[in-house]
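Shown next, in structure tokens, is the structure this report addresses.
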Amino acid sequence: MRTPLVAGNWKMHKVLAEARELVEGIRAGLANPPGAEVLICPPAQLLFPMAKAVARTSILLGAQNVHEAAQGAFTGEISVLMLKDTGCTHVLVGHSERRQLFGERGPALAKKVRAVTGAGLTAIYCVGETLEEREGGRTEQVVGEQLSAGIGRDVPAERLVVAYEPVWAIGTGRNATPEQAQGVHGFIRSRLANIYDKATADGVRILYGGSVKADNARTLADQPDIDGMLVGGASLVAGDFLAIIRAVAAAAGAAAARR
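Per this note's numbering, the very first residue in the sequence shown carries number 299; after that it's consecutive.
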């Protein structure tokens, strides 16, 4: 059984005092154990203080981006070794905003995935289609190409999480229906089976991201190939993030009871 993961991507939000208050609220509201793995991905300047804030808790720490090189003359960038030094265990790679706003594409993202997993951290590799691509019936083509460009058999599956984030649902208030999300998640798992094998693919967690809120998290998490959430705006409010964690944990508990 795959352990669900709920990851909060803070994007470019929160200064130190706000971040400490947010983490304290999350810590205070988490069940012990929470029933799902919980990950926060703050901006880079907050990684060291947030590592201290989540010390001796079950909350994991992740980064929003990474450079593929171990070191070098790359002004403004951060390496996987630097992230590891802060206490990060996970790194987002290929988030749609990195793809859309900063032009990141397959070859560069493939190098980032391998840098992250090669350092012993877990890459959360993000894929997803635009509204134009979905309406053009190209969802599987686009997502399949993104998977093939970034992941290969040389990427250790135990260091990989895939996040499906339909670009048309991010920050728009729209979200894929549970059936739409499950359809793409099932497709992703079938492609992972082609890259690895079915048993290995069955062990890889696939998260959904796209206007995730407390009121839709449970119906999404009830789907058989949705293993948690990549949460944007709702991760910036402790109560909202906790409600999503509880919904995902409840779905996992219900699934376990049916087995």
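Each residue gets a CB set at the ideal place from its N, CA and C atoms; glycine is no exception. Predicted model only: the values in this text are computed from it and were never measured.
If we ignore side chains and look at the alpha-carbon of each, how far apart do residue i and residue j end up?
i    : j    : result
Q439 : A447 : 12 Å
V535 : L320 : 7 Å
Y423 : R325 : 26 Å
V391 : A552 : 31 Å
G370 : Q343 : 19 Å
T355 : L490 : 32 Å
A421 : A361 : 10 Å
V482 : R432 : 11 Å
S596 : T475 : The structure shown has nothing for residue 596, since the chain only spans 299 to 557.
E443 : F372 : 28 Å
R557 : E477 : 22 Å
D538 : G327 : 11 Å
Just to confirm my understanding: we take residue i, look at its own chain, exclude 5 residues before and 5 after, and list those with CB closer than 6 Å. What are they?
i    : result
R412 : none
G323 : A536
L429 : W466
Thinking just about the alpha-carbon of each residue, which of the options is nearest to the one in residue i?
i    : options                : result
D513 : A541, V535, G507, A491 : A541
H393 : T387, G401, C386       : G401
L419 : R451, K410, V465, M299 : K410
K496 : D538, A455, A329       : A455
Q521 : K309, T415, L505       : L505
P464 : R516, R544, V502, L528 : L528
A368 : S356, A315, K382, F539 : K382
C386 : E366, L407, L399, L358 : L358
P405 : P341, I449, I338       : I449
V414 : M380, T373, E427       : M380
T437 : V378, A349, A479, R556 : A479
Leaving out five residues before and five after residue i in sequence, what residues of the same chain have Cβ atoms less than 7 Å from its Cβ?
i    : result
A554 : M299
F346 : T384
T498 : A455
R516 : A545, A548, A549
N363 : L390, R396
H311 : L534
Less than 8 Å between C-beta atoms, sequence neighbours within five positions excluded: which residues of the same chain meet that for residue i?
i    : result
A547 : P302, A329, P332, G333, A334
R451 : I493, Y494
R503 : R300, T301, P302, L303, V459, V460, D525, G526
V510 : N473, L518, M527, L528, V529, G530, A532, I542
I486 : V425, V441, L445, V460, Y462, I504, D523
V352 : V321, R325, I338, L358, L359
Tell me, to the nearest whole angstrom, how far the beta carbon of residue i is from that of residue j; I am working on the premise that it is less than 8 Å.
i    : j    : result
N473 : G501 : Not a contact, Cβ separation roughly 26 Å.
I564 : V336 : Any answer about residue 564 is impossible in this case: the structure gives the chain only from 299 up to 557.
A305 : C339 : 6 Å
V441 : V425 : 5 Å
E375 : H388 : Not confirmed; about 18 Å, so no contact.
Segments assigned beta strand (DSSP E), at least 3 residues, entirely inside the region 466-538
503-506, 526-529
Of all the beta strand (DSSP E) runs that stay within the bounds of the region 324-410, which reach a length of 3 or more residues?
335-339, 358-361, 388-391
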